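In this text, residue positions in the sequence shown follow the working numbering: the first is 903, and each later residue adds one. The next block holds one structure in the form of structure tokens; read it before the comments.
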Amino acid sequence: MTRIPVADRRTALVQAALRVIARDGVAAATTRRVVAEAGMPLASFHYVFASRDELMAELIEAAVESEQRDLAPVLSGDSGGLGMRDALRAGLQHYFDGLRADPDREKAMLELTQWALREPGFEPLARRQYARYHEVAADAAAAAARLTGCEWTRPLDDVARILVAFTDGLTVAWLVTRDDAAAEATMDLAAEALAALASRAVPNPATPTLAPQATPTENAGTR
């Protein structure tokens, strides 16, 4: 029997948990259901995860990292002369393309948030989820400013919170309606609203040039 590396088992179990949660909810994502979904024996779960709670925390990290990879093409390289509005719009489009390609990921994350808020003692899991969202949003906003030669007129944390609020609304609305045209209009408005919080960075003033030294003849004339 082929041995599966531990990292691969963890990935397979996380993806299986995501599918179960998206389809049936967090309560259904028992260790037995998850390993059955992954096509593994129960012992495999306990070999790589100490508990179901650890699996849930890993699922959050994996899903947020996947969203971050969706944004990666926009966060690096040359903006190609884009202004802030167009750079933000491109980033939102990459996020939306990821949502359309894998809606179950976002369905599972929304379900996990609601479950964590309902279950006593699991609120930190929801806070961790949104802390990671804000980290990704702050990185995206900072990269957009850097690539476009702009600076934010509000603190970066404020911009990140607004960006998360926009993407939350976009995600829920699209999952309910599957209306691509409405999503496109929302992204247009979001990009314009956020771009209004940025301005062109003012270049640092050049170091003042020292006045030329007077020649001995000029000095002599002033004495």
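No residue lacks a Cβ here, since even glycine has one placed at the ideal position from N, Cα and C. Every value quoted in this text rests on a predicted model; they were computed, and no experiment measured them.
Starting from Ala-1100, follow its DSSP beta bridges and name the residues at the other end.
-> Residue numbering aside, residue 1100 sits at position 198 when the sequence shown is read from its first letter. Its beta-bridge partners are Trp-1054.
Exposed or buried, which one is Gly-993 when buried takes at least 16 other CB atoms within 10 Å?
-> Here residue 993 refers to the residue found at position 91 of the sequence shown. Around the beta carbon of Gly-993, 16 or more other beta carbons sit within 10 angstroms, so the residue counts as buried.
Where does Ser-953 fall in DSSP's three states?
-> Locating residue 953 in the sequence shown gives position 51, where the first residue counts as 1. Correct three-state label for Ser-953: coil.
Could you name the residues of the same chain whose beta carbon sits closer than 6 Å to that of Pro-1114, not counting the 5 residues immediately before and after it, in chain order?
-> Along the sequence shown, read from residue 1 onward, the residue named residue 1114 stands at position 212. The predicted model places Pro-1114 with a pLDDT of 47, which falls under 50 and marks its position as unreliable; any figure quoted below should be read in that light. For Pro-1114, where only same-chain residues beyond five positions count, there are no Cβ hits under 6 Å.
In three-state DSSP terms, what is Asp-1081?
-> For the purposes of this step, residue 1081 is taken as the residue at position 179 of the sequence shown. Correct three-state label for Asp-1081: coil.
Just list the alpha helix (DSSP H) runs in the segment 1004–1082, keeping only unbroken ones of 4 residues or longer that don't cross its boundaries, in chain order.
-> 1005–1020, 1025–1050, 1058–1079
Are Glu-1037 and Arg-1007 closer than 9 Å when you measure CB to CB?
-> As a working note, residue 1037 is residue 135 in the sequence shown. As a working note, residue 1007 is residue 105 in the sequence shown. Cβ atoms of Glu-1037 and Arg-1007: not closer than 9 Å.
DSSP three-state assignment for Ala-931, whether helix, strand or coil | Residue mapping note: residue 931 aligns to position 29 of the sequence shown, counting from 1. Looking at Ala-931 - three-state DSSP - the assignment turns out to be coil, as it is neither helix nor strand.
Under three-state DSSP, which class holds Gly-983?
-> Numbered from its first residue, the sequence shown carries residue 983 at position 81. It is coil, neither helix nor strand.
Tell me which same chain residues have a C-beta within less than 7 Å of the C-beta of Ala-1062, skipping the five on either side of it?
-> Taking the sequence shown and counting its residues from 1, one reaches residue 1062 at position 160. So the qualifying residues of the chain are His-1036, Ala-1039, Ala-1040, Ala-1043.
Per-residue DSSP class, three states only, for Met-942 = The count along the sequence shown starts at 1 and reaches residue 942 at position 40. Residue state, collapsed to three classes: coil.
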